[in-house]
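Reading through the C-alpha cells given below for one structure.
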Amino acid sequence: MAGSGAVPALLAAAWALLAAAFLAVLVLLRRAPAWLTGGGGVSGLFQDLIRYGKTKGGCGQRPAWLRLVQVPKRWFTHFYVVSVLWNGFLLIWLFRAEFLGGSLPSWIQHMHHALGRDSQSEDMDSEHFSALLVLLLLWLHSCRRLAECLWTSVFSNGVIHIVQYCFGLAYYIAVGSTVLCQVPTVRNGKEFSAQICWYHVIGVTMYIWASLHQHRCLVILANLRKSKSGKVVSLNHSVPFGDWFERVSCPHYFAELLIYVSMAVTLGLHNVTWWCVVMYVLFNQALAAVLCHEFYQKKFSSYPKHRKAFIPFVF
Ligand SMILES: NC(=O)c1ccc[n+]([C@@H]2O[C@H](COP(=O)([O-])OP(=O)(O)OC[C@H]3O[C@@H](n4cnc5c(N)ncnc54)[C@H](OP(=O)(O)O)[C@@H]3O)[C@@H](O)[C@H]2O)c1
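Oh and the sequence shown: position 131 is 481 in the numbering used here, straight run, nothing missing.
Rendered as C-alpha cells:
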C-alpha cells in the first residue's frame with residue numbers, strides 16, 4: 351500500500367489550507383459583516399485582494415495607495431509563460447527519467463523528500479504513467495491558455511492586485527511541482543511501460559471536452575468586443591450568450607474545475623493530494639464566479655434570471 355497510499359502530507363495540507371481559506375472568504379462574503387462592507391481600510395484591502403478585473407469596480411472608488419499596488423489584468427499572460435516554461439522543463443526531466451531509465455535528478459528527489467513523498471514507495475508503472483500524462487495535460491492546458499491570452503482574448507484596462515499577480519505566478523510553479531511529487535523517485539531498475547488504464551481514457555476524454563468548452567466560452571467573451579470582421583470595437587463588458595453561458599455566468603470557470611477533476615480521474619481517482627488541488631480550484635473559481643455573477647446582476651437589469659453563477663442547476 352506504500353505506493354498509491356503514500357500521501358505527500360505537506361503538499362496535501364498546503365492545498366487543503368488554501369482551499370479552506372477561499373471557502374472561508376466565500377462564507378464571509380455571504381454573511382457580509384459590517385467590517386467587510388463598511389468601506390474602511392480593512393474592508394478596502396480585503397475587497398481589493400479578492401476582486402480583480404471587472405469585479406473590482408463593485409467596491410467603489412479605491413484609495414490612491416491601493417491603486418499603487420496594482421498591475422494590468424492582461425499580465426495574466428505571464429502566468430502561462432511561467433507555466434509553459436516551468437512545467438515544460440519538468441516534463442522534459444520526467445520524460446528523460448522514464449524513457450532513458452534511471453532516477454530523477456537529485457534536486458527533485460530532495461524536493462520530494464522535503465514535501466513528504468515516500469521515495470521508497472513501491473514502484474507502480476501505472477503511477478509513473480499517470481503522473482507523466484497529467485503533467486503533459488497541465489502543460490498543454492498552459493500552452494492553450496497562453497495562446498488564448500495572446501491571440502483570442504480582448505483585455506480591457508482591468509487590473510489585479512500585485513499580491514494576486516505574485517500568487518498567480520507561484521501557483522503554476524506549485525501545481526506542476528505537485529504533479530511531479532506524485533511520481534515515485536525509485537524505479538527499481540524496471541523498464542518504463544505505458545500501461546493505459548480505463549481511468550486514463552476517461553480522464554483524457556473529459557479533459558478534451560472541458561477544454562473545448564472553455565475555449566468556446568473565451569471566444570464568445572472575445573467576440574463581444576469585436577465587429578463581424580474581427581476588429582476590436584469596444585472594451586466594455588456586456589452579457590454573453592451561447593454554449594454553457596446559457597446555464598451559468600462563468601462557464602469558463604466551471605470548465606476549469608472540470609479540467610482539474612479530469613486530471614484527478616487520470617491519476618486514478620485515489621490521489622488525495624490532487625483532490626486537495628481540485629478543492630482549491632473549486633473554491634477559488636466559485637469565489638470569482640460569485641463576484642462576476644453579482645456584477646452582471648447589478649449592471650444588467652435584464653440579466654437572465656435562470657442563470658446560476660458557477661455550476662449548472664446547482665450554484
Ligand atoms: N486555476 C486557477 O486558479 C485560475 C485562477 C484564475 C483564472 N483561471 C482561468 O483563467 C481563465 C481566465 O480567467 P479570468 O478570471 O481572467 O476570466 P474573465 O475575467 O472572464 O476574463 C476573460 C476575458 O474575457 C474578457 N471579459 C470578461 N467578461 C467580459 C464581458 N462581460 N464582456 C466582454 N469581455 C469580457 C476579459 O476582459 P477584461 O477582464 O480585461 O475586461 C478577458 O479578456 C478562466 O478560464 C479561468 O478559469 C484559473
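Glycine residues also receive a C-beta, built at the ideal position from the N, C-alpha and C atoms.
- Shortest Cα-Cα distance from A636 to any of L376, E644, L361, S456 involves L376.
- Residue L482 holds the alpha-carbon nearest to the alpha-carbon of T616 among S588, L482, L530, K576.
- It is roughly 49 Å from the alpha-carbon of N586 to the alpha-carbon of Q459.
- If you draw a straight line from the Cα of A497 to the Cα of A384, it comes to about 42 Å.
- Residue environment analysis places P534 among the buried positions, since at least 16 neighbouring C-beta atoms fall within 10 angstroms of its C-beta.
- Here the stretch 395-403 does not lie against the stretch 480-494, with fewer than 3 beta-carbon pairs under 8 Å apart.
- DSSP, read as helix, strand or coil, puts I510 in strand.
- Distances taken from the Cβ of S652 to the heavy atoms of ligand 1 include none shorter than 8 Å.
- Here T528 is buried: its Cβ has 16 or more other Cβ atoms, across all protein chains shown, within 10 Å.
- Here T623 is buried, its C-beta having at least 16 other C-beta atoms within 10 Å.
- At least one heavy atom of ligand 1 falls within 8 Å of the beta-carbon of C642.
- Going by DSSP, V569 is part of the alpha helix (DSSP H) stretching over 548-573.
- In chain order, V615, T616, G618, L619 place their CB closer than 7 Å to the CB of Y549, counting only its own chain and leaving out the 5 sequence neighbours on each side.
- Per DSSP, Q420 is one residue of the beta strand (DSSP E) stretching across 420-422.
- Relative to the non-hydrogen atoms of ligand 1, the Cβ of N634 comes within a distance shorter than 8 Å of at least one.
- DSSP places K658 within a strand segment (E or B) once states are collapsed to three.
- Contact fails between the stretch 639-655 and the stretch 499-515, because fewer than three Cβ pairs, one in each stretch, are under 8 Å apart.
- In this structure I546 is exposed. Its beta-carbon is surrounded by fewer than 16 other beta-carbon atoms within 10 angstroms.
- For K576, the three-state secondary structure derived from DSSP is strand.
- Distance from the Cα of G553 is smallest, within the candidate group L485, Y630, R495, for L485.
- Scanning S393, A605, V631, V664 for the CA closest to the CA of Y522 turns up V631.
- With a cutoff of 9 Å on beta-carbon distance, Y557 and M629 are scored as not near each other.
- The C-beta distance from A659 to S599 rounds to 5 Å, short enough to meet the 8 Å contact threshold.
- Residue environment for C567: buried (at least 16 other C-beta atoms within 10 angstroms of its C-beta).
- If you draw a straight line from the Cα of P413 to the Cα of R380, it is about 24 Å long.
- Per DSSP, the continuous alpha helix (DSSP H) segment holding C626 begins and ends at 622-649.
- Not one heavy atom of ligand 1 is found less than 8 Å from the C-beta of Q545.
- Within 8 Å of the C-beta of R494 there is not a single heavy atom belonging to ligand 1.
- Under DSSP, V598 shares a beta bridge with K658.
- DSSP, read as helix, strand or coil, puts V525 in helix.
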